[in-house]
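Peer 1:
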Amino acid sequence: MKKLSTLLVSFVVFGICVYLSAFTNRETAKDETPLSSILQQYHSDLSQLTNQAKLLRQSAEKLEANNQQTETIRKEFRASKIAFKKVEYLAEHLDGQFVKDYINGAPLPSLERNAPSLSVLEPEGLQRLEEVVYEDNLYAQKEALTDLTEKFAKSTEILESYQKKYLVTDRHIFEAARLQVIRVVTLGITGFDSPVLASSLEDAEISMQSTYDAVKNYFPLMKSREERYDLQLTEVFENAINYLKENRNFDTFDRAEFIKEYANPIFSLLLDAHLAFGIETWYEAERLDIKHSVNYYARNIFDQDLINPFYFTQVIEPKFTPEVLNLGKTLFFDPALSNTNERACASCHQPSKGFTDGLPKSIATGFDGTVERNSPTLLNAVYADRFFYDLRSEVLELQLDHVITSHKEFSTNYLDLFDKLKKSDEYVAMFKKAFPEYGNEPIKKSSIAFSLAAYVKSLASFNSPFDQYIRGEVADIDPAVKNGFNLFMGKAACGTCHFAPVFNGSVPPAYKEIESEVLGVPKEKEMANFEIDPDLGRYFGVNKEKADFYKHSFKTVTVRNAAITAPYMHNGVYETLEEVVDFYNRGGGEGLGMDIPNQTLPFDSLSLSNSEQSDIVAFMQALTDTTGLTSIPKNLPKFPERMGINGRKIGGEY
Amino acid sequence: MRKLFLTIAATIVFYATGYSQFFFDVEVDTAWYGETVQMPPSPLKYQVLFIGDDDIVQTTSTYGNDAGQALAKQWHDFIGFTPDEDSDDLGWISVNHEEISANDSIGDGGGMTVFKVKRNAITDELEIVEQTLADGRTGKFFNVDFVNTVGETGMNCGGITSTVDGRIWTAEEWFRTNNASIYAEGAGVRDTTDWTISTDIAGDFDGSTIERYQNFNWMVEIDPREAKAIRKQYNWGRQGFEGGVVMPDNQTIYTGEDGTPGLFTKFVADTPGDFTSGTTYVYTANGTANPWVEVDNTSLETMLNMSEEALTAGAAMFNRIEWVVTDGEKVYFTETGRDGIGSAFEEGAALGGTLDTHWLSAVRARHPEMEEKPDEQVLDFVMDGGFNDYYGRVNVFDPATGEISVYVEGGPYLEESPEVNSYPDKHLSNPDGVNILSVGGKNYMVICEDLNGSSYGRVPAGVSNRTCEAWMLDMSVENPTVDDLTRISVVPVGAEITGACPTPDGKTLLLNSQHPSTENPYPYNNSLTYAITGWDGAITALEEEALVSEADGFRIFPNPVSQQLEFNKVIDAAVYNANGKRIKVARQIKTLDVSDLPAAVYIIKANVDGDTRSLKFVKE
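Residue numbers (this note's numbering), protein chains in the order written: chain E, 1 to 654; chain X, 655 to 1274.
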């Protein structure tokens, strides 16, 4: 016990101010700290993964036409997956990009980053391997199998060599453990990374166990504290792991229970323990001026502040002032932004309709047909790194360009708009107040976009009946809602694209990147022979992403407030949530009998019963919350009388 | 306080070597998450000259719309400089816009903006001059008219400034293979009808009709004085061009292609200064004394299929050539590298492509086990896609010998991604833009990074931003390495640093911060052109008045500090503000970046070999 007591002394001495574990000299202190034990285990787990990947490759090489080797290959695959699940929490945290690219990325083609021309990368890693090794006639896939297992063996080697050399400190362990809890909730128990096998619950158990084993190393130090986080963590971790052990039916697994009783308590206890130790967080270890997408101090995965909205916009916290917000809100409802003074942002984003307009596609200016797509809700819209259904804008502020210039929308240009706004003394005064740093020229593209973005940022909706329930603020909820959530996150596979807690395509646990999907949405609701909607989506969104697999691919928008934002899909083809659920239940476009190359939705029916479908709808209906978000300005700034626009209608004529 | 410096020997040595190449301290610290441009300290001066989507350009009558104004396009890349020999003004600056967009006033596709500057006699700063052009346009910034001259351009990346007379070419990179890829559902180039070539270039070009996309991916000469395009250089081949250089003979032009395989080509004009007729050659590694093989540049068909024709002729294959530059004698070009070469070289070799010997040192620098292997095996290793060319390099071509060798290899190669505080102070990844600044008869190479990712040690562990830096290299250093580089600027989060264009008087270096994160504060949310002025004048060295503070053998300096605090030992450190709140922790460090702290007094507590030391320091 000598070593331990030395540690305790240093802990007490530095505990209040800064816990500086005795690893200053890493060589001699090797066996003395929780961290060194964790890393010893981690490094051995990494080697285990590398070895296992080699075994997988070797067994794949032996595959012959009689397919006798199939079972061995599947066994080695499964062992590889388990070996990865043991290192997942830390490997993902230290180098998520590498893990996504080579180890456990989605089994879909992707584009090479920053390439000199369009360069498609075929998927590799565990998820793609899983698809291949569970083919009926494996020998027919031998070439792919050999290639994938070879790449995987090489990738695990690289992973091991890079990861072993990281300078890992205590904060990394706590951070990794907490992010792993989000990963298990959003990507684990939902079946996200087990496309064929649905081994997700076992995988979740292994990764929770491995996380627990790491955290356990700090328990001797926790014993000295009154709060006894060691006892609390032991109880909740072991219960969580038992729960995952005992409930292995993917379709009936009670996810709400798991999140409320285990995941969220672990998530907050780990924060308490982390802070009680005085160990630094990522805020102290990195520059003070960088924006983090996840708020480390969030105590609950369904807290409104889990994801940092400032990460996604130009709006910086100190500039999110009442003056800026008020200006943004005024501009949002002012039809003076349009050429005809008849249309405002609120024309297509009406507060009473969840900031949509209730139409399949919005009316074009001059009633000249419609715009191209359905008007999406602005509630929680900020939580995305790219905008428009085709993902063509990198930031909220850039969306404005299209609206300002499109002949179907505001049909004007910035220079004319600046001239117009400058004629209103009231507007000039509002801009000056909101942007004193711009001096006498405060009306700029950046100030207009900034204030509108600030307004959209303010439209955060995270206090629905379901939120209150899952956070434990109310004890009970309609069993249909709870069952609907469990199906949404499990059997119905909604939660594998609409990620909790925003239920949009921003990928947890960093929520930095939003995804698009190919669903095969038809042109019309009822067709004798279904035809796909001709809109090519993302394929035409970004010039550098013109890859075939992005044809008909659309941004995954939030399901929150869906009850009040009908009709649905990028073309507004479905009028009710029931119709939407039916579409997914039938297997998307492929399920409707169309040939949809690159459909990213499962082709087969989800086999949801009528009552299951209606429970999913009940869950989505319980995600409605517009409290305090729907007020509109009482009046708009005055322009000189001669312009004749002071009678313009707040929110636009149509 | 110089004496105290000497007591901290290790650091002093480092500083001394770091500064000795320059007249004064121009080194800036890195900034992994900067939201603004990082600049060297005074006496250098910093100016933002031209902001995309904010400054207003004068446009010509386009697509039936009247001449007028528009907000400038974004994605500033190449910068060209054309001296004005006829007035006291300095000259014209030409800026590429790599952004492809439909625009009724500017024209569809990419584009360029030109403006004229003069130097303020007192402050030496640049001032933008108002001009009236021959076509009647008046203003400060002018859109270069491509639509009414040579047809739209696209993906205007690099380019050429003739060192002879400031003639400017813009390079159309990002190779296009069909009309759909330029149309972009009406968001790119909306007119995709066939294009009939009208040109004075020798060959069968004039009057020929090509598909619209085939009118992209050329080198295009412009007239910066009148803000209009002159001709597309159909006789240099259709390539994913990035850079090029006009040699002092005003007759020889070298160009590079951004591709894998990428070509290194040469054009020799029949008459100096007239680039409408001449001979086009491709560089090969054919093992003979003359590496240059001619490609028929009078045939449209051949020029349209340049890559295939060149590979068939035995073209040497490079891994993404970016900018090309000369010191008057030798030709330097960046090869930016790529994570996976894959089968790209094998496919090129199937046509006849070759590998030259510059690969030998590149591979051996990374793979010690290759040191003993015969050259052929090393080249085979590259050919098979075995060489993971993560970082790229700067190469040098010597026209006298016809050989290409590595000038500065990217790196140092890291087998791990170290944490921020133990990351090598100098690390070069994916060099892209390159240029040469001449000051006081000495040449300094400026190298701009465009990182291909944040993995493989290109940035420290845990940094998700691909931070791009500009470096300067004293070219009198023999066999330079990354350690000889001096960091002179860092662009904000998300941005690529481009442009790197010196003014001929050696006083100013022009740079672009291209496509930064739109979440940065204004104006750093837009692409912008900035100027760093004063390279010539500050000959007197800055007197360092750095104070050193000490507690029981633990020393910190300088104090007061503005950027980086240095220690005499490797420590774990915590920084507290005046209220006793801990705001920063860093482990296993010898330096600590404090540039993000507000100016105030702080306390640093350090764990030094198991003991705690506290010292006060002042952040300026």
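Just so you know, even glycine gets a beta-carbon here, dropped at the ideal spot from N, CA and C. These numbers were taken from a predicted model, which means no experiment stands behind them.
Please decide whether Ala563 of chain E counts as near chain X, where near means a Cβ-Cβ distance under 9 Å.
Peer 2: no
Peer 1: Quick one: give me the first and last residue of the alpha helix (DSSP H) that Leu1165 of chain X is part of.
Peer 2: Leu1165 of chain X -> not in any alpha helix (DSSP H); beta strand (DSSP E) instead, spanning Thr1162 to Gln1168.
Peer 1: Identify the contact partners of Gln127 of chain E in chain X, using a Cβ-Cβ distance below 7 Å as the criterion.
Peer 2: In chain order: nothing, as chain X lies at least about 19 Å away.
Peer 1: Using a Cβ cut-off of 8 Å, pull out every chain E residue sitting near Gly1107 of chain X, in sequence order please.
Peer 2: The CB of Gly1107 of chain X comes closer than 8 Å to the CB of Gln97, Arg113 and Asn114 in chain E, given here in chain order.
Peer 1: Below 8 Å on the Cβ atoms is my guess for Lys523 of chain E versus Ile532 of chain E; work out the distance and round it to an integer in Å.
Peer 2: Confirmed, Cβ separation roughly 7 Å.
Peer 1: So what's Lys3 of chain E in DSSP terms, helix, strand or just coil?
Peer 2: Confidence in Lys3 of chain E is poor, its pLDDT being 38 and thus under 50, which makes the residue's placement too unreliable to answer from.
Peer 1: Given a threshold of 16 other Cβ atoms within 10 Å of its Cβ, counted over all protein chains shown, does Thr786 of chain X qualify as buried or as exposed?
Peer 2: exposed
Peer 1: Rounded to whole angstroms, how far is the Cβ of Thr933 of chain X from the Cβ of Val922 of chain X, which I believe are closer than 8 Å?
Peer 2: 5 Å
Peer 1: Assess, as a yes-or-no matter, whether the stretch 105 to 117 of chain E is touched by the stretch 218 to 225 of chain E under the definition of 3 or more beta carbon pairs within less than 8 Å.
Peer 2: no
Peer 1: Is there a Cβ of chain E sitting closer than 9 Å to that of Gly1139 of chain X, yes or no?
Peer 2: First, the residue type needs correcting, since residue 1139 of chain X is Leu and not Gly in the sequence shown. No - not a single Cβ of chain E is within 9 Å of the one on Leu1139 of chain X.
Peer 1: Specify the secondary structure class of Gln600 of chain X as computed by DSSP and reduced to three states.
Peer 2: With chain X covering only 655 through 1274, there is no way to say anything about residue 600 of chain X.
Peer 1: Output needed in chain order: residues of the stretch 393 to 405 of chain E with a Cβ under 7 Å from some Cβ in chain X.
Peer 2: Glu394, Val395, Glu397 and Leu398
Peer 1: What residue range does the beta strand (DSSP E) around Leu1246 of chain X cover?
Peer 2: Arg1236 to Asp1247
Peer 1: What are the uninterrupted segments assigned as alpha helix (DSSP H) that are 4 or more residues long and contained completely in the stretch 213 to 245 of chain E, given in chain order?
Peer 2: 219 to 222
Peer 1: Quick check on this structure: which residue in X:Phe1041, X:Val1074 and X:Ile760 has the alpha carbon closest to the alpha carbon of Val1248 of chain X?
Peer 2: Selected option, being the one with the closest Cα: X:Val1074.
Peer 1: Taking Cβ positions, are Asn217 of chain E and Pro479 of chain E nearer each other than 9 Å?
Peer 2: no
Peer 1: Going along the chain, which unbroken runs of the alpha helix (DSSP H) with 4 or more residues stay wholly within the stretch 597 to 624 of chain E?
Peer 2: Whole alpha helix (DSSP H) segments, 4+ residues: 610 to 621.
Peer 1: Suppose the cutoff is 6 Å on Cβ atoms and the five residues either side in sequence are ignored; what does the same chain contact list for Gly916 of chain X look like?
Peer 2: Phe972, Arg974 and Ile975
Peer 1: Mind checking if Ile290 of chain E is an interface residue toward chain X, Cβ cutoff 9 Å exclusive?
Peer 2: Output row for Ile290 of chain E: interface = yes.
Peer 1: Starting from Met809 of chain X, follow the alpha helix (DSSP H) in both directions and report where the run begins and ends.
Peer 2: No alpha helix (DSSP H) contains Met809 of chain X, which DSSP labels as neither H nor E.
Peer 1: Helix, strand or coil, according to DSSP, for Thr1135 of chain X in the structure here?
Peer 2: coil
Peer 1: What residues of chain X sit near Leu148 of chain E, judged by a beta carbon separation below 7 Å?
Peer 2: Within chain X, no residue comes near Leu148 of chain E; the closest Cβ sits about 15 Å away, beyond 7 Å.
Peer 1: Which of helix, strand or coil does DSSP assign to Lys457 of chain E?
Peer 2: Judged by DSSP in its simplified three-state form, Lys457 of chain E adopts helix.
Peer 1: In three-state DSSP terms, what is His730 of chain X?
Peer 2: strand
Peer 1: Report yes if the CB atom of Leu94 of chain E is closer than 9 Å to the CB atom of Phe174 of chain E, and no otherwise.
Peer 2: no
Peer 1: Under 8 Å between beta-carbons, which chain X residues line up against Phe540 of chain E? List them in chain order, please.
Peer 2: Ala838, Glu839 and Ala841
Peer 1: Residues of chain X with CB closer than 7 Å to the CB of Asn543 of chain E, please, in chain order.
Peer 2: Ile754, Ala838 and Gly842
Peer 1: What are the residues of the stretch 152 to 174 of chain E that lie near chain A, defined by any Cβ-Cβ distance shorter than 7 Å?
Peer 2: Reference to chain A is not applicable here, since the protein chains of this structure are E and X.
Peer 1: May I have the straight-line CA-CA distance separating Pro1214 of chain X from Val1255 of chain X, to the nearest angstrom?
Peer 2: 9 Å
Peer 1: Short of 6 Å in beta carbon distance, which residues of its chain neighbour His349 of chain E, apart from the five on each side in sequence? Order them along the chain.
Peer 2: Phe355 and Leu378
Peer 1: Below 8 Å on the Cβ atoms is my contact criterion, and I expect Gln650 of chain X with Phe918 of chain X to pass it. Report the Cβ-Cβ distance as a whole number of Å.
Peer 2: Any answer about residue 650 of chain X is impossible in this case: the structure gives chain X only from 655 up to 1274.
Peer 1: Distance, Cα to Cα, Ser631 of chain E vs Asp289 of chain E?
Peer 2: 33 Å
Peer 1: For the candidate residues E:Ser110, E:Ala256, E:Phe540 and E:Ala177, whose alpha-carbon lies nearest to that of Gly495 of chain E?
Peer 2: E:Ala256
Peer 1: Buried or exposed: Ile1151 of chain X, going by 16 or more other Cβ atoms within 10 Å of its Cβ?
Peer 2: By the neighbour-count criterion, in which a residue is buried when 16 or more other Cβ atoms sit within 10 angstroms of its Cβ, Ile1151 of chain X is buried.
Peer 1: For Gln723 of chain X, which residues in chain E fall below 8 Å Cβ to Cβ?
Peer 2: Leu415
Peer 1: So, using beta-carbon positions, are Phe1051 of chain X and Lys984 of chain X closer together than 9 Å?
Peer 2: In this structure, Phe1051 of chain X places its C-beta atom within 9 Å of the C-beta atom of Lys984 of chain X.
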